[in-house]
Amino acid sequence: MLSDLPLDSTSAGTSRTTGSSELWDDALRVIARKLSAQNFDLWFRPIRCQEIDGQTISLLAPNQFIKEWFETHYQQVVLEVIGEGSSRPYTIRWTIDDSHTDEEPAKEPAITKPTPSPAKVASEPARPSDSRRQASAAQRGSKSTPEHQDLGQELLARYIFDSFVIGPSNQLAAAASRAVADNPGGKYNPLFIYGGVGLGKTHLLHAIGHQIQADHPTWRILYLKTETFMNEYINMVRSGKIDEFRVKYRDNTDVLLMDDIQYLGGKERTQDEFFHTFNALFESHRQIVVTADKYPHEIPDLEERIRSRFQWGLIADIQAPELETRVAILQKKAELDQIALPPEVALFLATNIKSNVRELEGLLIRVAAFASLQQRPITIDFAQDTLRNFLTQTAAQLTVEAVQREVASYFGVKVTDLKSSSRQSSVTKPRQVAMYLARKLCKSSFPELGLKFGGKDHTTVLSACRKVEALLDSDPQLRGMVSEIERHLLA
Ligand code: ADP
Ligand code: MG
């Protein structure tokens, strides 16, 4: 994979080559091996090594945030890697790049003048005095009522910063959200938050909205789901009210908070409208925050010009929370909802649900509701009983396709291999495990499963299941694998 890394002057490579610049590229290769591709792209690609002069490495960062994050998280390891074998330590000299315009694709039709770079915006005075914003605020008077959200959807009262638990998995996204709320339209514009389902993206989006609303009561904060934007756009076009739509989004919005932007993928006309909305807001320094379940480059059928705009500001990810964070989230939630949750039960619940905070919360609510109905204290035994029911229900909703995907990814084969009739042992074992788990977890009949595994006879599925069952008794390694896959599926 490393040899694929294009370490040229347009990426994280050196932009001015010196004899020692290879040092930097070599170090990057070592570091790339230690990081996920996304983290590497996020934190290393934007940074350029200008030169290495003696023991001083000159680095260029696109903004302060990247620089600071790099310093806190990666600088030490970079210096260690570069300094290996050298008797004297290296130091880093930073420059913040304020010439982002060269990153813009030349083909943009809508922007004729260079757009201010995030770094330039940052150096301007706070912009609530922006004339356009003042004008629109004046027209509306200074009411601070929910009417201000009448354009979009209500901000949910419980999604505020105070109720958001910060841990290593969401630290960057939380910090960036705070920074944006403190200085809307400042250097982190746009802010792009991405992460898996139920990890707190919407919560942060609302939290930003609440804080800006509190600090700037006259501003129009527009929170909405991308689907709402799309539906409204289509309706307005149909009813000939597109101008009204544009006034609303481009002129009368001070902060745009758009959730689940991945839905723009493949919607060409909505993308075009979004693009122009984005430009109008961005050019007048109004804050844009979007969330997605994927990194911009992973969103299928999203136009390059939109992707590149998301790169102008800050892209922050949220990962699945670690155990400690999950426990803390449960405790916070229990405190807010006045649920008496003993620490050992919080730990027990957090150990069982790993990858989705929404489900974790759901479980707590369920345990609390049952305990209150039955007038019993929340104990580990009680939680265990409740959890058992919950897991059975989750399993009932699992689809055969989900099982196939998980098994295929675990064994490093394709789902189509599982459905094929290949007799290669690298495929037959995963296929049998997938059939066994699908039968166990999805409650499908043997003939149904036969169909879903590429139109096989039900006896093939039956014998695969029997075989795996027999092996599970005798083969501890397989037992470990199957239970790990099962845990993933039920998490
Ligand atoms: P997403 O939009 O990423 O799918 P949400 O923002 O809807 O996820 O979060 C799902 C639930 O989990 C919400 O109730 C939210 O409050 C809660 N949640 C997620 N992360 C945290 C956190 N770090 N602290 C507190 N609550 C959280
Ligand atoms: Mg969401």
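Letter by letter, the sequence shown follows residues 26 to 516 of my numbering.
Beta carbons: idealized from backbone N, C-alpha and C, even for Gly.
Every value quoted in this text rests on a predicted model; they were computed, and no experiment measured them.
Excluding the 5 residues flanking it on each side, H483 has same chain C-beta neighbours closer than 6 Å at F471, P472, G475, in chain order. Closest by C-alpha distance to Q178, out of Q236, T251, N208, is T251. Contact residues of the ligand MG (beta-carbon closer than 7 Å to any heavy atom; chain order) are K226, T227, D284, D285, T316. Taking the CA atoms as reference points, V106 sits about 8 Å from V55. Of all C-beta pairs linking the region 426–441 to the region 393–403, fewer than three are shorter than 8 Å, placing the two stretches out of contact.
Taken through DSSP and simplified to helix, strand or coil, V440 comes out as helix.
Distance from I313 to P215 at the Cβ level is roughly 4 Å; contact confirmed, criterion being Cβ atoms closer than 8 Å. Taking 8 Å as the cut-off, the Cβ atoms of I246 and I237 count as close. Annotation for I77: the continuous beta strand (DSSP E) segment containing it runs 73–78. Sorting F300, K444, K477, A206 by C-alpha distance to the C-alpha of H231 places A206 at the top.
Take F217, set aside five residues on each side of it, and the residues of its chain with a beta-carbon closer than 6 Å to its own are V315, F335, I340, in chain order. At least one heavy atom of the ligand ADP lies closer than 7 Å to the C-beta of I354. Secondary structure note for A200: it is in no beta strand (DSSP E), and the uninterrupted alpha helix (DSSP H) holding it is 196–207. Secondary-structure assignment with DSSP links W119 through a beta bridge to L84. Non-local beta-carbon contacts of I510 in its own chain, meaning distances under 8 Å to residues more than five positions away in sequence, involve E431, V432, Y435, V458, L462 in chain order. For D187, the closest C-alpha among the options D122, L224, L229 is that of L229. Taking C-beta atoms under 8 Å as the contact rule, D279 and W244 qualify, at a distance of about 4 Å.
By the Cβ-count criterion, V352 is buried, with 16 or more other Cβ atoms from all chains shown falling within 10 Å of its own Cβ.
Separation of G265 and E349 (C-alpha to C-alpha, rounded to the nearest whole angstrom) is 53 Å. Between F270 and T295, the C-beta gap is not smaller than 8 Å, which leaves the two residues out of contact. Excluding its 5 nearest sequence neighbours in each direction, K492 has C-beta neighbours in its own chain below 7 Å: Q457, listed in chain order.
Check the Cα spacing between A52 and each of N377, P87, L84, L104: the tightest is with L104. Sequence-distant partners of S83 (beyond 5 residues in either direction) whose C-beta falls short of 6 Å from its own C-beta, in its chain, are Q75, E76, R118. The residue among Q363, I354, L361, D362 with its C-alpha nearest the C-alpha of L374 is I354. Taking non-hydrogen atoms of the ligand ADP into account, the C-beta of E347 is found less than 7 Å away from none of them.
Between the C-alpha atoms of D342 and K92 there is a straight-line separation of about 17 Å.
Close CB contacts of D442 within its chain, under the 8 Å cut and outside five residues either way in sequence, are with A433, V452, P455, R456 (chain order). For S451, the distance from the CB to the nearest heavy atom of the ligand ADP is not below 7 Å.
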